[in-house]
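Chemist: Got a structure for you, questions after.
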Amino acid sequence: KGYRQLVEQGYINPQDNRMTPNTFEGVTLGGKIGWVQYLAGYLWRIKARNADEFVSMAEKAGAANSDDGAGLAGVRLTPLPNLRVDLTNQYGVNTFNTIYGEVDYVHTLSEDWKLRVGAQFTDQRAVGDALLAPADGRYWATQQGGARVQATWRDITLTTAFSITGAGNTIQSPWGAFPGYLSMIDQDFNRAREKGILIGAAYVLPGSIVQGLSANANFVYGWDAINPSTRQKAPNQAEYDFTVDWRPAWREPAFLKGMWFRARSAILDQQNAATLGYQFRLILNWERDLI
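Spelled out as structure tokens, the structure:
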């Protein structure tokens, strides 16, 4: 593919929760051979989800007046049923390099029970001219790791997850949504030295009650974070998220096919903050074929 396109790989992705997704300018080569799916390329500009103009990848990352782009390469391996392994590298010229890996496996215990386990790891560090603001030194380096366990019984899923971020810097994700297990509506819980834990539950209502209706709730608590530049302690924080989705199987009228609705809310409670933070979102998604 060439010129303007969607890219979905690790830390470079559409982040499609606004009017338009992140869109990239570049060249990519991708395909699939057996159980190996691959993608490589070079991107020079990005139009963010809430922007009107394209800017260089480096400028979007925070390197003012730089025209540098970003290279990417990665594979997705599915050697066994229900097993997925992602390995990617995104190299921002003169900004930072990100290596990301994730393993996800779903095991069926019985007709009613399923167990899903996953682990992920990120290594991120300044490279080249290191044009971004210094964190723990100009050539900072940091890591982030996480694990997640989900148990599903019929239409109910219970989730717990944990993550820890290195002290070198807050994880950078200027070109897409942070892919971490603790990425929430408001916060990503990936600040320098931050530890975080998640507890959540999801429920899909039976189709005999309301077709396509589901809901989930998540609670995350993060502690021990620091400011990566001053090395001073950052406030502990907690976030409570609630989401309701309705995906009806439209039959009539046919033009409504692909339309579904989402309602979301988030409460952010940060240590020593004067008030709680609130977010409320009502989202209409309607996917249509234009040609």
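Numbering of the sequence shown is given in the working numbering, commencing with residue 42 and proceeding in unit increments. Note that the Cβ used here is the ideal one computed from N, Cα and C, for glycine as well.
From the DSSP secondary-structure annotation, give me the bridge partner or partners of LYS236.
Modeler: Paired residues: ILE205, TRP264.
Chemist: Should LYS274 be labelled buried (16 or more other beta-carbon atoms within 10 Å of its own) or exposed?
Modeler: It counts as exposed.
Chemist: Measuring straight from C-alpha to C-alpha, what distance separates ALA89 and GLU152?
Modeler: Answer to the nearest angstrom: the Cα atoms are 43 angstroms apart.
Chemist: Looking only at its own chain, which residues have a Cβ that is under 7 angstroms from the Cβ of GLY82, when we skip the five neighbours before and after it?
Modeler: Same-chain partners within the cutoff: GLY67, VAL68, THR69, LEU70, LEU113.
Chemist: Around the C-beta of LYS73, are 16 or more other C-beta atoms found within 10 angstroms, so that it is buried, or is it exposed?
Modeler: It counts as exposed.
Chemist: Once you ignore the five residues that flank TRP287 on each side, which residues in its own chain have a CB closer than 7 angstroms to its CB?
Modeler: Excluding sequence neighbours, TRP287 sits near GLY253, LEU254, TRP301, PHE302.
Chemist: Going by DSSP, name the residue or residues bridged to TRP194.
Modeler: According to DSSP, TRP194 bridges with TRP154, ILE197.
Chemist: With a CB to CB cut of under 6 angstroms and the five nearest residues on each side skipped, what residues in its chain are close to LYS298?
Modeler: Excluding residues within five positions, the ones whose Cβ falls inside 6 angstroms are TRP291.
Chemist: In chain order, which continuous runs of the alpha helix (DSSP H) of length 4 or greater are located wholly inside the segment 45-108?
Modeler: Complete alpha helix (DSSP H) runs here, min 4: 98-102.
Chemist: Using DSSP's beta-bridge definition, name the partner residues of TYR132.
Modeler: According to DSSP, TYR132 bridges with GLY112, ASN138.
Chemist: Residues in its own chain within less than 6 angstroms of GLY43 by CB, not counting five upstream and five downstream?
Modeler: Cβ neighbours of GLY43 beyond the five flanking positions: VAL68.
Chemist: Below 7 angstroms between beta carbons: does that hold for GLU280 and VAL261?
Modeler: Yes; because the gap between Cβ atoms is below 7 angstroms, this pair is in contact.
Chemist: In the DSSP assignment, what are the bridge partners of SER306?
Modeler: Paired residue(s): PHE283, PHE321.
Chemist: Please report the straight-line C-alpha distance between ASN210 and GLY187, rounded to a whole angstrom.
Modeler: Those two C-alpha atoms are separated by around 16 angstroms.
Chemist: Indicate whether VAL285 and ALA242 have their beta-carbon atoms separated by less than 7 angstroms.
Modeler: Cβ distance not < 7 angstroms, so VAL285 and ALA242 don't count as in contact.
Chemist: Roughly how many angstroms lie between the CA atoms of THR316 and LEU309, to the nearest whole one?
Modeler: Each residue's alpha carbon lies about 9 angstroms from the other.
Chemist: By a C-beta neighbour count over all protein chains shown, 10 Å radius and 16 as the cutoff for buried, is PRO216 buried or exposed?
Modeler: What sits at residue 216 in the sequence shown is Trp, not Pro. Counting Cβ neighbours within 10 Å, TRP216 comes out buried, since at least 16 surround it.
Chemist: Just verifying my parser: in three-state terms, what is the DSSP assignment at LEU297?
Modeler: The answer is helix: DSSP assigns LEU297 an H, G or I state.
Chemist: Could you please give me the residues that DSSP links to ASN257 through a beta bridge?
Modeler: Answer is ALA243, THR284, bridged to ASN257.
Chemist: Check whether the segment 122-129 touches the segment 92-109, taking contact to mean three or more Cβ pairs, one atom from each stretch, closer than 8 angstroms.
Modeler: These segments do not touch.
Chemist: Smallest Cα separation from TRP264: which of PHE203, ASP282, TYR222?
Modeler: Cα-wise, what sits closest to TRP264 is PHE203.
Chemist: Taking C-alpha atoms, which residue in GLN228, ALA92, PRO122 lies nearest to GLY75?
Modeler: Ranking GLN228, ALA92, PRO122 by Cα distance to GLY75 puts PRO122 first.
Chemist: Give a yes or no on whether the C-beta atoms belonging to VAL116 and TYR79 are separated by under 7 angstroms.
Modeler: For VAL116 and TYR79, yes; Cβs fall inside 7 angstroms.
Chemist: Output needed for THR198: all residues of its chain with C-beta closer than 6 angstroms, excluding positions within five of it in sequence on either side, in chain order.
Modeler: Excluding positions up to five away in sequence, the list reads GLN191, ALA243.
Chemist: Could you tell me which residues DSSP pairs with ASP164 in its beta bridges?
Modeler: ILE140, GLN184, per the DSSP bridge assignment.
Chemist: Check whether the Cβ atoms of GLY51 and ALA102 lie closer than 7 angstroms to each other.
Modeler: In this structure, ALA102 does not lie closer than 7 angstroms to GLY51 by Cβ.
Chemist: Nearest by alpha-carbon distance to ILE185: which of ILE205, ASP196, ALA176, THR201 is it?
Modeler: It should be pointed out that residue 185 corresponds to Gln in this sequence rather than to Ile. Per the Cα distances, ILE205.
Chemist: Among the residues of its own chain, which have a CB less than 7 angstroms from the CB of ALA295, if the five just before and after it don't count?
Modeler: Cβ neighbours of ALA295 beyond the five flanking positions: none.
Chemist: Roughly how far, in whole angstroms, is the beta-carbon of ILE226 from the beta-carbon of ARG305, given that I think they are within contact range, below 8 angstroms?
Modeler: Yes, ILE226 and ARG305 are in contact; Cβ-Cβ is about 6 angstroms, under 8 angstroms.
Chemist: Taking the straight line between their C-alpha atoms, what separation do you get for ASP170 and ASN135?
Modeler: Going by the C-alpha atoms only, they are around 5 angstroms apart.
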